[in-house]
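In the numbering used here, the protein residues as written are 18 to 293.
Glycine included, each C-beta is placed from N, C-alpha and C at the ideal position.
Report on the following structure.
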């Protein structure tokens, strides 16, 4: 059967998005791996599937598959593209949505000019929520990587993140440190690793090494985690901008117990059909 899809991106973080509300069929991990290939397939960081919700108060359910076929709990840029997709496809006329994900429900809002705001919910720094193996709760921890010790700030945005502060994000060992932390025994479910350079209290630079995808041009949940880490270390104001390789995103976090929010542009690239 042929499955309709859209190719979209948010700041270069790109997605294949499929409507499984009006279409039948669920891609298998091997389908995702084949389609994600940038030479022989569609090419993307994640595949997003729009499904009917299980919660009667929600509008949709979003499933997120990494390029390697594994499933992710949360994706901020994906949520922004998802919100635009369901409107473009005529699946809803609502501009404010409640969307179920494996990492919890999130709220999206279409702002106009292709801008979408996402309320990602309340972050958690509880090590068990990330999960991160620690004997006691702290803001940051030292993790042994061979002969080196790296200071990390673990944050759960519904998916696991570890934020590393660096002096210059352009010179950071994204691949080496990112891969080592991602597979470290203290992160039993692996982790998305963000490398954050704080420029001033309202602006930072960020690169993210994602589970199942490697370094991506942008990561919405990673930007939120970086904002949380920056605020916990008293290095950001409650509102700040983050520059990622794919562009800039606006962030807000008032502090513990409050939701993290991000807003930025989305872009629809093309639509097509693919054999399932």
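Around the beta carbon of residue 69, a 10 Å sphere encloses fewer than 16 other beta carbons of the protein chains shown; the residue is thus reported as exposed. At the C-beta level, residue 136 and residue 276 come within 8 Å of one another. Uninterrupted alpha helix (DSSP H) stretches at least 4 residues long and entirely within the stretch 204 to 263 occur at 237 to 249, given in chain order. Here the alpha carbon of residue 75 sits roughly 25 Å from the alpha carbon of residue 273. Listed in chain order, the beta strand (DSSP E) runs fully inside the stretch 154 to 210 are 158 to 162, 165 to 173 and 177 to 182, counting runs of at least 3 residues.
Bounds of the alpha helix (DSSP H) holding residue 51 are 46 to 53. In this structure, residue 122 keeps its C-beta atom at 8 Å or more from the C-beta atom of residue 128. Taking a C-beta distance under 8 Å as the contact criterion, residue 180 and residue 169 qualify as a contact pair. When C-alpha distances from residue 183 are compared across 31, 285 and 191, the shortest belongs to 191. Counting only the Cα atoms, residue 90 lies some 15 Å from residue 205.
Residue 208 places its beta carbon less than 8 Å from that of residue 177.
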